[in-house]
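Heads up, the sequence shown is in full-length UniProt numbering, so the first residue is 1 and it goes up one at a time. Virtual Cβ for every residue (Gly too), placed ideally from N, Cα, C. A quick note: this is a predicted structure, and the numbers were derived from the prediction, not measured.
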Amino acid sequence: MVNQNERKNAMTQETNKPAFTERFGGLKGTIWRNPGTDGKPDRYTVSYSRSYKTADGQWKETTSFSAIDNLKLGHLVGKVTDRIAELKAIDASGQTPTSEDE
1 MVNQNERKNA MTQETNKPAF TERFGGLKGT IWRNPGTDGK PDRYTVSYSR SYKTADGQWK
61 ETTSFSAIDN LKLGHLVGKV TDRIAELKAI DASGQTPTSE DE
C-alpha cells in the first residue's frame, strides 16, 4: 500500500501530465488529477477539445463543437465519466495506477 505523501510526491513529479486521455473520433477528453488537501481525496477535472486540420495542413485544437460533435461528445462524456470512477476506485484502494490505468 502506498501512503498519501508518496502518491502526492509522484504526482508532483508529473506536473501538467494528464491522468488519462480518452479519444473518440476527432474529439478528446483529458482527465486531470488535482491532489486533495487536508486529508480530502484527489479531485478530477476534465477538458474537452476537438482536433482539426487547417487548409495549409496544420493540426489545431479547439473547444468549440458543432451539432454533430455534440452527439459524439455525449458518447465521450460517458466514457470519461466511467474512467474517472475507475481512477477514484484505484485511489480509494491506496494503489498507485499502473501505466494501463493512466
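Quiz prompt | Distance between N34 and K53 (C-alpha atoms, nearest Å) | solution = 31 Å
Quiz item: DSSP three-state call for K88: helix, strand or coil?
Solution: helix
Practice problem: Reducing DSSP to helix, strand and coil, say where K72 ends up. | Solution: helix
Quiz item: Are K28 and T37 touching if we call contact CB-CB under 8 Å?
Solution: no
Quiz item: Near R43, which residues of its chain fall below 7 Å by C-beta distance, leaving aside the five closest residues on each side in sequence?
Solution: N34, G36
Quiz item: F20 lies in the beta strand (DSSP E); which residues open and close that run?
Solution: 20 to 24
Self-check item: Continuous beta strand (DSSP E) stretch holding K17: start and end
Solution: Segment: none, K17 is in no beta strand (DSSP E) and carries neither H nor E.
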